[in-house]
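Okay, structure first, notes after.
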């Protein structure tokens, strides 16, 4: 008999009695549910009994707990077993059944093929052992059945969660600031976290950014229950999550369900909507993947672009020991995208910007050309629809004149087409940009100049500048500056 000693699920062959040759093996176990028949303990007990009866000694157990079998990339122990199979330390992998190995047909066949190339055979203790030719068919059959089961189970789970979401019941991970009361089946404010969540919302309402709040959370070592820091992306998700205004949101397969819930909100609906407005407005002023404003070295950082290569100008700090002042340099120059090596001193650029803003304020707008981008531009152009309808109206008239349509038919077609044309023309008028309020624009420029010339910090100046100025283009040959404004 084979005597086994266990230590942390590693098994070693100590004595081989009776002259029986023992076969080296490892075992893989996986559990994605709490079903007793598929529990790790149940699988382990049956596999050990099988190994003892069939003269296998198990060197190691690879275990993935609470993980689905649909995706191997999400099963670290499974992948480790596949890697170890190339070392030649074992000849067999013992599993409870084929569904424990994989529930994805393609991955099942791929990884079984890898094990076979490495000289490792798979043994399922609950399924028959077949010859190589027959196993090709059964492997595909079992793999397909397991994948079908997994997909059906996934659909049933999603359908159940969707029904819960439609009823306004909670069916997601616990959001920061709340606990889940299993008896009442409702979210309740967490006494430690909910004040922090309320603080985050109140700070966003004052104009602070998620990044600056995340820095404060890190300094104060504020973490979630699972020990995760409240970094910028988590705060951005928090202020977008309607759960905090008393609603539940459930998303799956591009379907989004939002329902009013019974749980206590941490923020009023009006304040939540105001935060969405602030967040959206800030997003319109920042380029995609732009660094947070807190990274600001200067209030002009990230807004100056090169006319030659369209790259952004980067801030270069002053080097007093070399007698070099702070300047802006085209980022395309260092990457070989820009042939010009011109850089501009920061103080000179500041003076030019001040001069342009003052000139706009001092001159009548009819004598000064402004590059103004309206934030609410038309989303749909109906001119093509109107053109096609007018063509149809012309053809209807031609059909009547040619005797193809009666007067009644022509009259009906004409009324229908004219009504459609009128509808689209009205929509087109509604979509036209509103006239820019130059008085309001001048007030914005006056306030901006006052902030830029004040002693406020660079971040405050940058936020004020970006609220009014979309971008700034520098023409390297003429050294002219063009400002593009929001209105």
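Numbering (our numbering), first residue to last: 62 to 548.
Ideal placement from N, C-alpha and C gives every residue a C-beta, glycine not left out.
The model shown is predicted, which means the values in this text are computed figures rather than measured ones.
What's the C-alpha gap between residue i and residue j?
i           : j           : result
residue 361 : residue 290 : 31 angstroms
residue 539 : residue 328 : 53 angstroms
residue 68  : residue 122 : Model confidence at residue 68 stands at a pLDDT of 37, short of 50, so the residue's coordinates are unreliable and nothing is read from them.
residue 487 : residue 476 : 17 angstroms
residue 521 : residue 515 : 10 angstroms
residue 393 : residue 379 : 20 angstroms
residue 247 : residue 125 : 31 angstroms
residue 481 : residue 456 : 16 angstroms
residue 89  : residue 234 : 29 angstroms
residue 276 : residue 485 : 51 angstroms
residue 506 : residue 529 : 8 angstroms
residue 87  : residue 110 : 14 angstroms
residue 543 : residue 363 : 15 angstroms
residue 408 : residue 358 : 14 angstroms
residue 297 : residue 175 : 43 angstroms
residue 439 : residue 445 : Bear in mind that a pLDDT of 40 at residue 439, under 50, signals an unreliable position, so the number given afterwards is only what the model happens to contain. Rounded to the nearest angstrom, the two C-alpha atoms are 14 angstroms apart.
residue 466 : residue 490 : 33 angstroms
residue 370 : residue 138 : 49 angstroms
residue 280 : residue 293 : 13 angstroms
residue 85  : residue 143 : 16 angstroms
residue 421 : residue 413 : 12 angstroms
residue 513 : residue 523 : 9 angstroms
residue 323 : residue 307 : 7 angstroms
residue 119 : residue 151 : 9 angstroms
residue 70  : residue 288 : In this predicted model, residue 70 has a pLDDT of only 40, less than 50, meaning its place in the structure is not dependable; the value taken from the coordinates is given anyway. If I take the Cα positions, the gap works out to 28 angstroms.
residue 310 : residue 302 : 8 angstroms
residue 531 : residue 545 : 5 angstroms
residue 136 : residue 285 : 25 angstroms
residue 367 : residue 262 : 38 angstroms
residue 264 : residue 241 : 26 angstroms
Can you name the start and end residues of the beta strand (DSSP E) that residue i belongs to?
i           : result
residue 88  : 84 to 92
residue 235 : Looking at the DSSP string, residue 235 is not in any beta strand (DSSP E), and its letter there is neither H nor E.
residue 253 : No beta strand (DSSP E) contains residue 253, which DSSP labels as neither H nor E.
residue 374 : 374 to 377
residue 269 : Per DSSP, residue 269 belongs to no beta strand (DSSP E) and is neither H nor E.
residue 390 : 388 to 391
residue 101 : Run containing residue 101: none in the beta strand (DSSP E); it sits in the alpha helix (DSSP H), 101 to 114.
residue 365 : 365 to 367
residue 380 : Premise fails: residue 380 is in no beta strand (DSSP E) and is neither H nor E.
residue 404 : 404 to 406
Is it buried or exposed for residue i, if we count other Cβ within 10 angstroms and need 16 for buried?
i           : result
residue 271 : buried
residue 180 : exposed
residue 254 : buried
residue 469 : exposed
residue 258 : buried
residue 169 : buried
residue 112 : buried
residue 535 : buried
residue 115 : exposed
residue 245 : exposed
residue 338 : exposed
residue 238 : buried
residue 236 : buried
residue 504 : exposed
residue 527 : buried
With respect to the alpha helix (DSSP H) encompassing residue i, which residues constitute its N-terminal and C-terminal limits?
i           : result
residue 139 : 137 to 145
residue 504 : 499 to 513
residue 452 : 444 to 462
residue 521 : 519 to 529
residue 294 : 293 to 301
Tell me, which residues are paired with residue i by DSSP?
i           : result
residue 311 : 318
residue 287 : Per DSSP, none; premise fails for residue 287.
residue 184 : 155
residue 240 : 249
residue 417 : In DSSP, residue 417 forms no bridge with anything.
residue 119 : 86
residue 125 : 91
residue 336 : Answer is none; residue 336 lacks a bridge partner.
residue 536 : 541
Check: Can at least three beta-carbon pairs, one atom from the region 99 to 118 and one from the region 139 to 158, be found at a separation below 8 angstroms?
Finding: yes
Item checked: Cβ pair count under 8 angstroms reaching 3, the region 321 to 340 against the region 497 to 504 -> no
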